[in-house]
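Student:
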Amino acid sequence: MSTPRLALALALAAALAAGCAAPEKTRYGDAKGVETLTNQFGSTDLQMIAESMTRSMLQAPVIVSGNLPIVTVQEVRNKTSEYIDTRSITDTIRAELQKGGKVRFAVDASAMTPQVDEIKRQQSEYYAKEQAVQKGQMVGAQYRMEGNITSIVKQVKDTKDVYYKFNLQLWNIRNGLLEWSDEKEIRKTTTRG
Amino acid sequence: MNPRWTIAALLVAGLAGCWATKKGFEIPGQAFGCPVGDSRVSSMDDLVKQKVTSEGKRTTIQATEMRCSRSGDLLKIDANLNNDSSTVKRIAYKFRWIDAEGMRAWEEENWKPVLMYENSIS
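Line by line, the protein sequences are chains A and B. Everything in the first sequence is counted per this note's numbering, starting at 62 for the first residue and increasing by one. Everything in the second sequence is counted per this note's numbering, starting at 116 for the first residue and increasing by one.
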């Protein structure tokens, strides 16, 4: 085929393809609805884990005592085969606990750098000395929160089964005792056809 | 939400301060431990009718029993859902927290999926 004919054919094909393509539709959905698009870790899993852990932790004796324990959030290790933003899970749990007003949170390791930077900035010559935050005033946590998420994935011909287990623990930093721990299990099965 | 999901919503009214109705051995304003305010609740069926609403397709899933208890300042709710069908059903539920004036007392919860085996109680 000569070059002009080929170009014309390609242009026609492109025009046809554009004409046939279904128009895109964008709609807002229910952020709290059950999402079953795939069996990968999804928003419903995150929400269920966060809610279950928050409810359970609020009944832990160290929280019920009403002494407003100070907690720092450590890592939730992702031991699954897929990418999961575990920080997002602990952020949601922290937000829910904070709203309940029963727990206070201390700066965690990941937020330490910006915290220290801000203290240093306030101590520079640009700030009034009497109002600037002084070093050595931060309050350390009494408890640390850490956990794991693991998964078991099994697949046969047309069926894929995913089992997630999320475990969260609250450790007493001073004496190393485990004050509270709980788990949430989720099973999802996808069948083709 | 996937239309195949059948929705059962549990509506729980936290009617603090409305302790007017006297009912047997119940604390005034409570029925089976659940806060009911001034409403007349004389049986479990009345309580379930008052507290539970369903959305989506009508199915064989029915709430049959509900009991509440307090642990500190937390309200614990146990509800039985029956699946009278001979097939497995998948439903989702959530609690809606309502204050004495009928206003939302807490933000909307997320839907929680539950699998119910045939002829079972969850």
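For glycine and all other residues, C-beta sits at the position ideal for the given N, C-alpha and C.
Is A207 of chain B close to chain A, meaning its C-beta is less than 8 Å from at least one C-beta of that chain?
Tutor: yes
Student: Thinking just about the alpha-carbon of each residue, which of A:K181, A:S185, A:Y204, A:Q192 is nearest to the one in D169 of chain A?
Tutor: A:Y204
Student: Since I believe I124 of chain A is in contact with K163 of chain A (beta carbons under 8 Å), could you give me their beta-carbon distance rounded to a whole number of angstroms?
Tutor: Rounded to the nearest angstrom, the Cβ distance from K163 of chain A to I124 of chain A is 5 Å, consistent with a contact under 8 Å.
Student: Once DSSP output is grouped into helix, strand and coil, what is the label at V168 of chain A?
Tutor: coil
Student: V214 of chain A to G208 of chain A, Cα distance in whole Å?
Tutor: Looking at the two C-alpha atoms, the distance is approximately 20 Å.
Student: Give, in chain order, every residue of the region 122-148 of chain A whose Cβ lies closer than 7 Å to some Cβ of chain B.
Tutor: For the region 122-148 of chain A, the set of residues with a beta-carbon nearer than 7 Å to any beta-carbon of chain B comprises V125, in chain order.
Student: Using a Cβ-Cβ cut-off of less than 7 Å, list which residues of the region 170-195 of chain B approach chain A; keep chain order.
Tutor: Residues S186, G187, L189.
Student: Smallest Cα separation from M159 of chain B: which of B:G171, B:I176, B:D193, B:N198?
Tutor: Nearest C-alpha to M159 of chain B: B:D193.
Student: Need the endpoints of the beta strand (DSSP E) that V223 of chain A sits in, please.
Tutor: 220-233
Student: Establish whether the CB of K215 of chain A and some CB of chain B are separated by less than 8 Å.
Tutor: No, because no Cβ of chain B sits closer than 8 Å to the Cβ of K215 of chain A.
Student: Under 8 Å by Cβ, that's how I've got M206 of chain A and L238 of chain A pegged, so tell me the actual separation to the nearest angstrom.
Tutor: With a Cβ gap of about 14 Å, M206 of chain A and L238 of chain A do not count as contacting.
Student: On the three-state DSSP scale, how would you describe I150 of chain A?
Tutor: helix
Student: From V223 of chain A to L190 of chain B, what does the alpha carbon distance come to, in whole angstroms?
Tutor: Going from the Cα of V223 of chain A to the Cα of L190 of chain B covers about 33 Å.
Student: Once DSSP output is grouped into helix, strand and coil, what is the label at R182 of chain B?
Tutor: In the displayed model, R182 of chain B falls within a strand according to three-state DSSP.
Student: Looking at the unbroken beta strand (DSSP E) that takes in S157 of chain B, where does it start and where does it end?
Tutor: Note, S157 of chain B: premise wrong, no beta strand (DSSP E); not H, not E.
Student: Taking all protein chains shown into account, decide if G187 of chain B is buried (16 or more other Cβ within 10 angstroms of its Cβ) or exposed.
Tutor: exposed
Student: Would you kindly report the start and end of the unbroken alpha helix (DSSP H) that includes E112 of chain A?
Tutor: For E112 of chain A, the enclosing alpha helix (DSSP H) covers residues 104-118.
Student: For A111 of chain A, count neighbouring Cβ atoms within 10 angstroms of its own Cβ and tell me buried if that reaches 16, exposed if not.
Tutor: With 16 or more Cβ atoms within 10 Å of its Cβ, A111 of chain A is classed as buried.
Student: Who pairs with P150 of chain B in a beta bridge, going by DSSP?
Tutor: B:Q145
Student: Can you tell me where the beta strand (DSSP E) holding I4 of chain A begins and where it ends?
Tutor: A query on residue 4 of chain A cannot be resolved here, the shown segment of chain A reaching from 62 to 254 and no further.
Student: Is the separation between the beta-carbon of N225 of chain B and that of K93 of chain A shorter than 8 Å?
Tutor: yes
Student: So is M173 of chain A buried or exposed if we call it buried at 16+ other beta carbons inside 10 Å?
Tutor: So M173 of chain A ends up on the exposed side.
Student: Give me the chain A residues within the contact set of E224 of chain B, using Cβ-Cβ distance strictly less than 9 Å, ordered along the chain.
Tutor: Residues of chain A passing the Cβ test: K93, Q108, E112.
Student: Using the beta-carbon of each residue, which ones in chain A are nearer than 8 Å to P143 of chain B?
Tutor: Per Cβ cutoff of 8 Å: no residues; P143 of chain B is ~26 Å from chain A at best.
Student: Rounded to the nearest angstrom, what separates S212 of chain A and G217 of chain B at their Cα positions?
Tutor: 42 Å
Student: In the DSSP output, which residue or residues are listed as bridge partners for P228 of chain B?
Tutor: According to DSSP, P228 of chain B bridges with B:A207.
Student: Run the CB neighbour count on A135 of chain B, radius 10 Å, all protein chains shown included, and call it buried at 16 or more, exposed below.
Tutor: Its pLDDT being 36, under 50, A135 of chain B is placed unreliably in this model, and the coordinates cannot settle the point.
Student: Buried or exposed for R66 of chain A, please, with buried defined as at least 16 other CB atoms from any protein chain shown within 10 angstroms of its CB.
Tutor: By the 10 Å Cβ count, R66 of chain A comes out exposed.
Student: Could you tell me whether the region 171-180 of chain B touches the region 193-203 of chain B, where touching means 3 or more Cβ pairs closer than 8 Å?
Tutor: Taking 8 Å as the limit for Cβ pairs, the verdict is that the region 193-203 of chain B does touch the region 171-180 of chain B.
Student: DSSP on T87 of chain A, reduced to helix/strand/coil?
Tutor: coil
Student: Might you give, ordered along the chain, the residues of its own chain that have their beta carbon closer than 6 Å to the beta carbon of S242 of chain A, omitting 5 neighbours on each side?
Tutor: If we look at S242 of chain A and ignore the five residues flanking it on each side, its Cβ neighbours are Q230.
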